[in-house]
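For reference, the structure is listed below as structure tokens.
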Amino acid sequence: MENILIQVKNLEKYFEISGGLFSRNKSIVKAVDGISFDIPFGSSLGLVGQSGCGKTTTARALSLLDPKTSGDINFYNSETQMMQSIDELEGEELKKFRRNIQMIFQDPYESLNPRWNIKDIILEPLNIHNIGDLKEREEAVYEILKTVGLTPPENYMPRYPHELSGGQRQRVSIARTLIMKPKFVVCDEPTSMLDVSIRISIMDLMLNLAKDLEVSYLYITHDLAVARYMCDRIAVMFNGKIVEIAETEELLNNPTHPYTKRLISSIPIPDPSYKRETYEINFQELDSLVAENTNSDEMIEVNPDHFVGTHDVKGLL
Amino acid sequence: MNILEVKDLDMSYKTIDGEVEAVKKVTFSVKEGESFGIVGESGCGKTSVAMSLLQLQADNGKITNGEIIFDGKNIVGLSESELREVRWSGISIVFQGAMNSWNPVVKIGEQIREAMREHYPDKTKEENTKKIIELFDIVGLDSSIIDRFPHELSGGMKQRAVIALALSCDPKLIIADEPTTALDVVIQDQILKEIRKVQDVLGLSLIYISHDIAVIAEMTDNMAVMYAGSIVEMGKTEKVFSNPKHAYTRMLLESTPSIVGPKKKLRSLDGEPPSLINTDSYCLFSYRCPSPDDNCRNRNIAMELTKIDSEHYADKCCINCG
């Protein structure tokens, strides 16, 4: 078995919504409904799907921003060299553990405090976790700015977010994330707000950092082409469940679930001579998949390391 | 026959910092039934061109030079009442994020009828409603949507209804300004199909504006690449993709990931588009050009298209760069 960094088992996150101001009727939205995956060290998993399928809810649950409803999140503990459930962590231990998991948000215009300068923004996590003295912290900020390509750092440290472009702001977000030397970074569409020309440089930066610093990513995106560029494996999510998960090229070349097929066939191809045809959902195919469903929590392995969900999603497609 | 000819169009915005030349010497034409794409990154002037065509630019924006010949008639400098004739029944526009432009307290059908009343005052409500049902059928909406409020519809349905609205007064040309940017890929695919279908069924001309060259590749016959307010490359879409001449076009193509073909290393282009205030006549791409010539910045070479072949033009400065 590969060295697993993070292991998610049957993760569930439900939201209760009330029917109205005075209504007692409550209904439950199963935003994330029993998903499982592993992410090995230094590897990145892409999570793709349409809006509302539960991608961001998964991200927030994994980065411990929101409590999960049920399921297990196990993390490799480098001190004990064993997998450890995050449920066992409390207080100081949990706080210390949180350094290992960081998140990069979608909108670099809203995720940076507009009244703080860049130095203070990047310094904040160090202050919170009380790492080093002031001089060491400032040196760390200086170094990390160099790492993310904001050079010379002394020019950027006193500036405010509004003075930076979208790409530069996203670099600041990445710097703030990496200064904690995390092992696992959850990226929620970090490049979808950026222009094409800047997008690639941010994606390349993240790929290089992953290699140099041995960071694993959960990379959330609705763009399969971006996921292909960034990720070793891709999980396709639909309606709170993972319907298919496989190594990237395998998933793109041999999609098995009808929803994955449709998703892939909906992506415009930057080549006018390519004749793309949208796949229409084949319900028979779906029926035969559902018929194989013996245990609703399990996915079937159609190819080595290529799993397909057998949930009945007929009415939803 | 050209439905639209734009000649040497200049448009600028007055700001505190000075005059921003958002559109510079833009020249292109759109044939009847053709779809023409404009692609470029944010701030390159795509939307400013679209707004100039209908003269809907912001109050501080002004067309300073050039002609817009629509259906044989120059529409630059027409009075507001003359423009009202052209807008919607000659040229209509599907705005970026248009699905959020519905009035939330008026039913969808009534909002479309409002536009139709303005242009066809003689028609009865029943006639208009019948027309709307026909249009809804074309864009794939159920007729019951007429009596729905905007909040009852999904994003994709609202965008379809916007397309129906844009078609309601029988325009000859539709400008679609990033009509699918806020939508999911699956919905985007459906909307793109509807737009193509509408174009086929009604024989319309289309100007499709997007930052996504993959969408431009699929939607257009001819295309223009804009950079810093100017067109830097223009021609048949297949030719621009198969034989990109301008360094910026090449960079756009090489920076777009695709899910087909071998996985390749993508190229990034650092830097940002230049400020468009008081630009002298030099190659505005020189700051980001992979191999700028000393001459590019110093010499006075205003951006200008040169002919590659009869269906392909590119800016003369950067043809051999990078």
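First to last, the sequence lines map onto chains L and A.
Under the working numbering, residues 1174 to 1490 are what the first sequence spells out, in order.
Under the working numbering, residues 5 to 326 are what the second sequence spells out, in order.
Built from N, CA and C at the ideal position, the CB exists for glycine as well.
Distance from C48 of chain A to G265 of chain A at the Cβ level is roughly 27 Å; contact not present, criterion being Cβ atoms closer than 8 Å. Scanning the segment 20-94 of chain A from its first residue to its last, the whole alpha helix (DSSP H) runs of 4-plus residues come out as 50-58 and 84-90.
In this structure K1241 of chain L is buried. Its beta-carbon is surrounded by 16 or more other beta-carbon atoms within 10 angstroms. Taking a Cβ-Cβ threshold of 7 Å, the residues of chain L close to D274 of chain A are S1374, in chain order. M1379 of chain L sits in a helix when the DSSP states are folded into three classes. DSSP places H316 of chain A in the strand class (E or B) of the three-state scheme. Here the alpha carbons of S85 of chain A and G113 of chain A stand approximately 25 Å from one another.
Interface criterion met: the Cβ of H215 of chain A is under 8 Å from a Cβ in chain L. Taking 9 Å as the cut-off between beta carbons, none of the residues of the segment 1278-1298 of chain L comes near chain A. One Cα belongs to M1330 of chain L, the other to A1204 of chain L, and the distance between them is close to 40 Å. A distance of 8 Å or more separates the beta carbons of V53 of chain A and S33 of chain A. For M255 of chain A, a Cβ of chain L is located within less than 8 Å of the residue's own Cβ. Residues of chain A whose Cβ lies closer than 9 Å to the Cβ of Q1223 of chain L are, in chain order, D188, V189, V190 and I191. The beta carbon of I1295 of chain L sits closer than 8 Å to those of V1314, I1317, L1318, V1345, A1348, R1349 and I1352, all from its chain and outside the five residues before and after it, given in chain order. Burial state of S214 of chain A is buried, judged by a 10 Å Cβ sphere holding 16 or more other Cβ atoms. As DSSP reads the structure, I1415 of chain L sits in a beta bridge with L:M1410. Excluding residues up to 5 positions away in sequence, F1248, I1259 and L1262 lie with their Cβ nearer than 8 Å to the Cβ of F1270 of chain L in the same chain.
Ranking A:G239, A:G101 and A:K269 by CA distance to the CA of A318 of chain A puts A:G239 first. With fewer than 16 other beta carbons inside 10 angstroms of its own, L1490 of chain L counts as exposed. Annotation: Cβ neighbours of P261 of chain A in chain L (cutoff 7 Å, chain order): A1398, V1399, R1401 and Y1402. Straight through space, the alpha carbons of P1443 of chain L and A1408 of chain L are spaced by roughly 24 Å. Just measuring C-alpha positions, the residue of L:M1366, L:G1413, L:E1422 and L:K1186 sitting nearest E1283 of chain L is L:M1366. Chain A places a beta carbon closer than 8 Å to that of H1395 of chain L, counting this residue as a contact.
DSSP places C300 of chain A in the helix class (H, G or I) of the three-state scheme.
Per DSSP, the continuous alpha helix (DSSP H) segment holding A165 of chain A begins and ends at G159 to L171. Taking 8 Å as the threshold, the shortest C-beta distance from I1454 of chain L to chain A does not fall below it. Ranked by Cα distance from I1179 of chain L, the options L:T1229, L:G1322, L:P1355 and L:T1433 are led by L:P1355. Counting C-beta pairs closer than 8 Å gives fewer than three between the segment 1435-1451 of chain L and the segment 7-26 of chain A, which falls short of the contact rule. Against chain A, the CB of S1191 of chain L has no partner CB under 8 Å away; the residue lies outside that interface.
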